[in-house]
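The block underneath contains the structure these notes are about, expressed in structure tokens.
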Amino acid sequence: MFSHAEGLSSMVVKVAINGYGTIGKRVADAIDAQDDMEIVGVTKTRPSFGCDLAVRKGFPLYCTFDTDEKIAAFAPAGYDCKGGLSDLLAIADIVVDCSPGKVGAQNKEIYDNAGIKHIFQGGEKHAMTGMSYTSSGNHSENMNVQGTRVVSCNTTGLSRTLVPLLHACGSLSVECTMIRRAADPGDSSKGPINAIKPVLKVPSHHGPDVMTVRPEISINSLAVAVPTTIMHVHAIVATLPEGHGMTTESVLALWSEQPRVLIMNGSETGITTTAEVMEFSRDIGRKWGDLHEIFVWEDGVKLDGNNLYYFQAIHQESDVIPENVDAIRALMGLESDWKASVLKTDEAIAAYNGL
Ligand code: NAD
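Numbering (our numbering), first residue to last: 704 to 1058.
In structure tokens, the structure reads:
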């Protein structure tokens, strides 16, 4: 284990990924791109096609469970399983838990018993760790803590555009509707496939979840799931305080200075739907066709009096990925300046992908 006496700048953090699915495989790649952290192992519950990717990447493969029978099941399928979760945690400085939502509580007990730092994902509740994280929202408050939760893709997206507005205006009251993809492209069992499904728990958790990273933002949300797999869209009305001094143009200028916010004009570019946004991200060569940035349509932004109206699109499988890298730097005390971490993370990912 790392000792602070060894010096932070020379440290390469050893990271375990528990749960190598949609989020886990992307976080592992993003970490592999960095020079101040390395993957020491990833877990799979059983030998399945996801193991092939770990083998191709050269990530040591571990079993999610410690039982001999489950560990032994990998060898007949041709996979070299190095051991169970406890073996992996023993050689790691921090674990990024990318297990399915609501599995976290049982895993947290294991991490607490092992005394290892841990990062959960947005499928878990804030109360479980008592800390949540977004890079722009509360990086410094997460410095050196034992555990945190990188908030969901929707909450991350809201935080990217609302936190700079909060800082510029001093206060903010927000109503928003989350138009959510029904399932990830790799999920064959979820729906709806021919319906619009309102979330009947009102308000939905997405808006209020922003307050776990910036409690000063007063925010509520509604959510509906629609039959698409590729992105979420947010329709947002943010009420700025009296005397805010902002214009539509100054809001756009503010966002254009923010990392991981991409502003494009729909009518000028022809990118008018989430389908074209995704085609654009495939064109620029991002792995898996990912888009880590939040996409804001310039011509969909309008400040009318105190009310700011805008749409933004969220690539649900990838906006949280670089945030996990920044969260590792915060928990391990490697970098206290969130913008410096974001720059390092994003440059390393771009170089890794040859972009
Ligand atoms: P996933 O189902 O694609 O992957 C989860 C992986 O964890 C699978 O490989 C599964 O076999 C494995 N697993 C199962 N039980 C486990 C256990 N007990 N311990 C460890 N691993 C276990 O799920 P995902 O989409 O990658 O979601 C992971 C987390 O990220 C969830 O909290 C989710 O809410 C959150 N998240 C998902 C998205 C998204 O769009 N997929 C976006 C943001 C956040």
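Cβ atoms here follow ideal geometry from the backbone N, Cα and C, with glycine treated the same way.
> In this structure, does DSSP put Met740 in helix, strand or coil?
Replying inline: strand
> Who are the near neighbours of Leu1058 in its chain, counting only those whose CB is closer than 8 Å to its CB and skipping five residues on each side?
Replying inline: Ile987, Gly988, Arg989
> Straight-line CA distance for Asp771 to Asp815?
Replying inline: 22 Å
> Thinking C-beta only, is Leu965 closer than 7 Å to Glu945?
Replying inline: no
>> Using only the alpha-carbon positions, how far apart do Gly894 and Gln824 sit?
In response: 22 Å
>> Cutting at 7 Å between CB atoms, please list the residues of its own chain near Ser907, excluding the five before and the five after it.
In response: Met881, Ser924, Leu925, Ala926
> Cβ of Ser855 within 6 Å of any heavy atom in ligand 1?
Replying inline: yes
> Roughly how many angstroms separate the alpha carbons of Ser789 and Glu952, rounded to a whole number?
Replying inline: 53 Å
> Pick from Gly1003, Asp1040, Trp991, Met1035: whose alpha carbon is nearest that of Ile1024?
Replying inline: Trp991
>> Quick check: what's the CA-CA separation for Asp1022 versus Asn810?
In response: 24 Å
> With distances taken from CA atoms, which of His947, Val715, Ala928, Thr864 is nearest Asn1010?
Replying inline: His947
>> Check this for me: beta carbons of Leu756 and Lys728, under 7 Å apart or not?
In response: yes
> Mind checking whether Ile920 and Leu955 have CB atoms under 7 Å apart?
Replying inline: no
> If we ignore side chains and look at the alpha-carbon of each, how far apart do Ala793 and Cys754 end up?
Replying inline: 21 Å
> Between which two residues does the alpha helix (DSSP H) harbouring Tyr1055 extend?
Replying inline: 1041-1055
>> Just to confirm the assignment, what range does the beta strand (DSSP E) spanning Ala719 have?
In response: 716-721
>> Taking the straight line between their C-alpha atoms, what separation do you get for Thr851 and Asn857?
In response: 17 Å
> Considering only residues of the stretch 873-922, which uninterrupted alpha helix (DSSP H) runs meet the minimum length of 4 residues and lie entirely inside it, listed in chain order?
Replying inline: 909-913
> The alpha helix (DSSP H) spanning Leu1034 covers which residue range?
Replying inline: 1024-1034
> Between the stretch 823-843 and the stretch 1013-1022, do at least 3 Cβ pairs fall closer than 8 Å?
Replying inline: no
>> Going by DSSP, what residue range makes up the alpha helix (DSSP H) through Asn816?
In response: 807-817
> DSSP puts Leu764 in a beta bridge; with which residues?
Replying inline: Val745, Cys784
> Taking Cβ positions, are Arg985 and Thr931 nearer each other than 7 Å?
Replying inline: no
>> Going by C-alpha to C-alpha distance, which of Val848, Thr975, Val853, Trp1000 sits closest to Ser959?
In response: Trp1000
>> Taking 7 Å as the threshold (C-beta atoms), are Val916 and Ser862 in contact?
In response: yes
>> Under 6 Å: does the beta carbon of Cys801 sit that close to some heavy atom of ligand 1?
In response: yes
> Is Glu979 near ligand 1, in the sense that its beta carbon is under 6 Å from a heavy atom of that ligand?
Replying inline: no
>> Can you give me the C-alpha to C-alpha distance between Ala928 and Cys879, rounded to a whole angstrom?
In response: 14 Å
>> Spatial neighbours of Thr864 within its chain, please: C-beta separation below 8 Å, excluding the five flanking residues on both sides.
In response: Ile939, Trp958, Gln961, Val964, Ile997, Val999, Tyr1013, Gln1015
> Name the DSSP bridge partner or partners of Trp1000?
Replying inline: Met967
> Which residue's Cα is closest to the Cα of Ala941: Ile974, Asn845, Ser892, Leu869?
Replying inline: Leu869
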